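Under our numbering, read the sequence shown as residues 1 to 417, first letter to last. For glycine and all other residues, C-beta sits at the position ideal for the given N, C-alpha and C. Bear in mind the structure is a predicted one, so any value in this text is a computation, not a measurement. What follows is a short report on a single structure.
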Amino acid sequence: MSLSSYIIRTLLVVIPGTSLIGLGVCIGNGVNGLAFWWTMAATVLFGIILGTLSATLNYRRFVAPIAVINAHLEKMTEGDLSIRVPIDRVRELKPIAVCMNQMAETWRAIMANMKRHSDEMALFSEQLSRIAEQTTKATEQIATTMEDIALHSEQQVKMVQETSSSMNDISSALTQIAANTQQVSTNAGETLVKATTGKQSIEQMEEQMNFIHEHVQALGEVVKGLGERSNEIGQITQVITGIASQTNLLALNAAIEAARAGEQGKGFAVVADEVRKLAEQSAQSAQQITQLIGDIQKETENAIESMKTVVGEVSQGLHAVQTAGLSFEQIHQSINRFNEQIEHVSAVIQQMTKSAQQVAASIESVTAIVEQSSVGSTNISAATEEQMASMQEIASSASSLSKMAEDMQSLLRRFSA
């Protein structure tokens with residue numbers, strides 16, 4: 001990054017900041033008119049000068065030294081360990097430059113030692129490869145001779161051993177299968193008992209669900225009848241309300257007629273007033289009854305809806321129980337058939353196990369005789385093969401070591417000390 005671009009980036013931050021500061025000063029002091037613009041211009045100019053000086057100072061103290069350090073780091077990553085960071089050009093970043101120079105010197109020494117050791121390792125691996133190759137050739141000649149001598153006896157031993165091993169495996173497998181079959185038979189019996197118990201439980205549950213379903217339906221009919229009776233009571237209450245209204249009207253008319261009669265109608269007026277009060281009380285009671293009947297009808301409707309929901313849920317539960325009962329019946333039948341088949345298979349496997357054990361015993365006797373006749377040639381051949389395997393491992397290790405040395409040398413050639 002150049003000095004001019006760094007100054008421009010700094011001013012892009014400083015100019016808005018100084019403008020805000022100038023604006024705050026003008027507003028706080030009540031400056032306006034031409035003085036406002038002069039104050040803003042002076043503030044911005046001061047910010048530009050201060051930002052330019054600060055950016056120049058920071059660029060020379062930090063940004064320029066960082067560019068120098070980055071350039072040297074790029075050369076070091078390319079493999080040039082001979083380069084050193086000039087201390088006099090990094091100013092404030094002098095400790096970093098010193099550490100980088102020390103690190104480069106340390107890596108240069110490490111690379112030199114690694115190059116020397118890789119050269120020695122390559123030379124040693126070449127010598128080891130030549131020795132291993134010569135020894136392997138001699139061992140191969142010995143092994144070829146011993147293989148010709150022991151060919152027939154090894155083939156016989158191998159065939160008998162494979163047959164014996166196979167029969168032992170078959171016998172063990174049959175024994176294990178017999179044990180597993182017996183265990184499966186036991187588990188099937190236990191499962192059958194549990195399935196029978198589950199079937200009985202499902203049947204009892206189905207009876208209980210039928211009982212609940214019938215009683216819930218009966219209860220629904222009772223609640224429905226209660227709603228109908230509430231409607232009838234409401235109608236009766238309406239009749240009582242009408243009678244009370246008519247009685248109240250008659251009492252009012254009687255009071256008017258008593259007032260016209262004068263002294264002769266006072267007694268009749270008292271009776272008419274009592275009748276009117278009684279009619280009003282009857283009307284109030286009828287209204288209370290009507291309100292109670294309305295509440296009862298609402299609750300009855302809610303109860304009817306709830307009973308419908310309960311009936312539906314009970315029907316679904318009954319259907320689910322019936323389905324589960326059918327499934328348990330099928331499981332019960334399947335387990336019965338499976339148990340019968342397992343018992344038959346168990347008897348057959350036990351007979352096969354006895355026959356396999358007899359054959360395995362006969363083969364073991366033959367194996368012992370053949371092994372005794374070929375033990376000498378087998379031991380010699382085995383020793384030769386072990387030696388060949390060891391030499392092959394040595395040759396392989398030497399080849400790997402040589403490859404590692406070549407890779408290390410190729411890697412070290414990237415660095416120049």
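From the DSSP output, which residues share a beta bridge with residue i?
{"i": "Asp169", "result": "Its beta-bridge partners do not exist; DSSP assigns none."}
Please confirm whether residue i and residue j have their CB atoms less than 7 Å apart.
{"i": "Ala97", "j": "Ile87", "result": "yes"}
{"i": "Gly325", "j": "Ile212", "result": "no"}
{"i": "Gly234", "j": "Ile304", "result": "no"}
{"i": "Cys418", "j": "Thr39", "result": "No answer is possible for residue 418: it lies beyond the span of the chain, which begins at 1 and ends at 417."}
{"i": "Arg89", "j": "Val68", "result": "yes"}
{"i": "Arg60", "j": "Glu92", "result": "no"}
{"i": "Ala279", "j": "Ile240", "result": "no"}
{"i": "Ile289", "j": "Thr237", "result": "yes"}
{"i": "Ile7", "j": "Ala55", "result": "yes"}
{"i": "Thr10", "j": "Gly51", "result": "yes"}
{"i": "Asn101", "j": "Arg84", "result": "yes"}
{"i": "Gly317", "j": "Met205", "result": "no"}
{"i": "Gly24", "j": "Thr43", "result": "no"}
Spatial neighbours of residue i within its chain, please: CB distance less than 6 Å, with the 5 preceding and 5 following residues excluded, ordered by chain position.
{"i": "Val275", "result": "Ala251"}
{"i": "Gly242", "result": "none"}
{"i": "Thr186", "result": "none"}
{"i": "Glu221", "result": "none"}
Based on Cα-Cα distance, which residue from the options lies nearest to residue i?
{"i": "Asn253", "options": "Val270, Gln238, Thr237 and Glu263", "result": "Val270"}
{"i": "Ala385", "options": "Glu140, Arg108 and Lys194", "result": "Per the sequence shown, residue 385 should be read as Glu rather than Ala. Among Glu140, Arg108 and Lys194, the Cα nearest to that of Glu385 belongs to Glu140."}
{"i": "Ala104", "options": "Glu120, Ala122, Met114 and Ser82", "result": "Ser82"}
{"i": "Leu53", "options": "Thr309, Ser4 and Ser399", "result": "Ser4"}
{"i": "Thr175", "options": "Met404, Met388, Lys298 and Gln351", "result": "Gln351"}
{"i": "Ala255", "options": "Ser125, Asp273 and Gln330", "result": "Asp273"}
{"i": "Lys194", "options": "Gln333, Ala382 and His344", "result": "Gln333"}
Quick check on residue i: does DSSP put it in helix, strand or coil?
{"i": "Val85", "result": "coil"}
{"i": "Ser2", "result": "coil"}
{"i": "Asn70", "result": "helix"}
{"i": "Gly234", "result": "helix"}
{"i": "Val90", "result": "coil"}
{"i": "Val31", "result": "coil"}
Going along the chain, which residues of its own chain have a beta-carbon closer than 7 Å to the beta-carbon of residue i, five neighbours each way excluded?
{"i": "Lys75", "result": "Ile83"}
Excluding the five sequence neighbours on either side, which residues of its own chain have a C-beta within less than 8 Å of the C-beta of residue i, listed in chain order?
{"i": "Gly312", "result": "none"}
{"i": "Val31", "result": "Val25 and Thr39"}
{"i": "Phe36", "result": "Cys26"}
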